[in-house]
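Heads up: the sequence shown at position 44 corresponds to 44 in the UniProt record's numbering, and the numbers run straight through without jumps.
Single-structure report; data block below.
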Amino acid sequence: VKAGPWTPEAAAEHPEAVRQLHREFLRAGANVMQTFTFYASDDKLENRGNKLTFTGAQINEAACDLAREVANEGDALVAGGVCQTPSYLSCKSE
């Protein structure tokens with residue numbers, strides 16, 4: 001994982017580490033598991049210079065699955081992290 005302020009690809013590349021982090025938050029008393037999905041759109045990942053091993057959709061799905069899995073181990077909710085994306089502003093049609 002390339003170090004930086006956001007590393008959403010960790011959810012797909014290192015799921016056990018992300019799962020463990022969620023569990024630590026749950027054990028510490030958190031009642032909401034936040035998905036690691038902020039900056040997880042294809043354009044944001046490409047702009048950061050990362051080689052895309054996984055698509056934004058794959059990363060988002062993995063992040064949501066991990067957060068839900070751990071939330072179900074306790075009595076926690078799941079919240080998603082969403083960022084703005086210029087894709088729609090530039091009239092990209094994908």
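Note that CB positions come from ideal geometry on N, CA and C, so glycine has one too.
Legend entry - Limits of the unbroken beta strand (DSSP E) element including Gln34: Counting from 1 along the sequence shown, the entry for residue 34 is found at position 34. Start and end: Val32 to Gln34.
Inset, instruction - With DSSP as the reference, label Ala10 as helix, strand or coil. - result: Translated into the one-based positions of the sequence shown, residue 10 becomes position 10. DSSP places Ala10 in the helix class (H, G or I) of the three-state scheme.
Inset, instruction - Would you decide whether Gly29 is buried or exposed? Buried here means 16 or more other CB atoms lie within 10 Å of its CB. - result: Start at 1 with the first residue of the sequence shown, and residue 29 comes out as number 29. Burial call: exposed.
Inset, instruction - Would you kindly check if the distance between the Cβ of Phe38 and the Cβ of Ala12 is under 8 angstroms? - result: Against the sequence shown, residue 12 aligns to sequence position 12. Against the sequence shown, residue 38 aligns to sequence position 38. Contact: no.
Inset, instruction - Note down the Cα distance separating Ser41 from Pro8, rounded to an integer number of angstroms. - result: Locating residue 41 in the sequence shown gives position 41, where the first residue counts as 1. Locating residue 8 in the sequence shown gives position 8, where the first residue counts as 1. Rounded to whole angstroms, the separation of the alpha carbons of Pro8 and Ser41 is 9 angstroms.
Legend entry - Element boundaries [alpha helix (DSSP H), containing Ala62]: Numbered from 1 along the sequence shown, position 62 holds the residue referred to as residue 62. For Ala62, the enclosing alpha helix (DSSP H) begins and ends at Gly56 to Glu73.
Inset, instruction - Under 6 angstroms Cβ to Cβ from Leu77, same chain only, skipping five residues before and after it: list those, please. - result: Within the sequence shown, numbered from 1, the residue matching residue 77 stands at position 77. Around Leu77: Val32.
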